[in-house]
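Scroll down for the structure; my scribbles are underneath it.
Numbering (our numbering), first residue to last: 196 to 410.
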């Protein structure tokens, strides 16, 4: 953002091929990292990383992959390592309509277009290790808690990864990183989008809701 008039990098997944689950490498992209890793081509092809708008600032394909992530995809008859382990919070310059849909059209939760829009930078998730739900580069989650307009139920949208036992790596808007240690063993069973949280106190999903769009 410091090189872009405080504007955050684009996390609008619809900016790539109309988000027709992009499996074709675009020539250029204004998305931070195109490519749907549910498909073998984008999952193992680092060129999808290189055409993203974040890559020129990092210039390292390895930085997009956690060494503990052993996920592989079959491609051209060979099992190959997936090249990306991280997703970017939908509330960090995602598409406004999609962010509002996640938030149940609750204006208390905002889409941050500039670094100056972010409330409580020490609590606001930017990147995270995403688990089996990872497809495009966006980590979507509903921030609403009981009592908030738009709260429907206790269910996960996207799920964290567990490459480090019971912890998941997150980065935050103030620049620090944190390993979140999950307290409920049920959390590790989340594998699909929309899966219900059946824990007794919802401690883990509450933490994520509070940090995906802090107020």
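Every residue, glycine too, gets a C-beta built ideally from N, C-alpha and C.
Per the C-alpha coordinates, the member of 396, 298 and 223 positioned closest to residue 243 is 223. Taking all protein chains in view, the Cβ of residue 269 is surrounded by fewer than 16 other Cβ atoms within 10 Å, so the residue is classified as exposed. Our two residues, residue 291 and residue 264, have alpha carbons roughly 31 Å apart in a direct line. The C-beta distance from residue 240 to residue 220 rounds to 7 Å, short enough to fall under 8 Å.
Residue pairing by DSSP puts residue 376 in a beta bridge opposite 362. Note that the C-beta distance between residue 232 and residue 277 is below 8 Å.
In this structure, the alpha-carbon of residue 280 lies about 12 Å from that of residue 230.
Here residue 281 is bridged, per DSSP, to 324. DSSP places residue 252 inside the alpha helix (DSSP H), whose first and last residues are 250-253. One thing to note: residue 326 has its Cβ no nearer than 8 Å to the Cβ of residue 228. DSSP links residue 329 through a beta bridge to no other residue. Excluding sequence positions up to five before and after residue 318, its CB lies within less than 6 Å of the CB of 406 and 409, all in the same chain and listed in chain order.
Three or more pairs of CB atoms, one per stretch, sit closer than 8 Å, so the region 373-384 contacts the region 393-402. Rounded to whole angstroms, the Cβ separation of residue 324 and residue 356 is 4 Å, and the two are in contact under 8 Å.
Spatial neighbours of residue 321 in its own chain (CB-CB distance under 7 Å, excluding positions within 5 residues in sequence) are listed in chain order as 283, 284, 287, 366, 367 and 368.
With fewer than 16 other Cβ atoms inside 10 Å of its own Cβ, residue 386 counts as exposed. In this structure, the alpha-carbon of residue 352 lies about 29 Å from that of residue 255.
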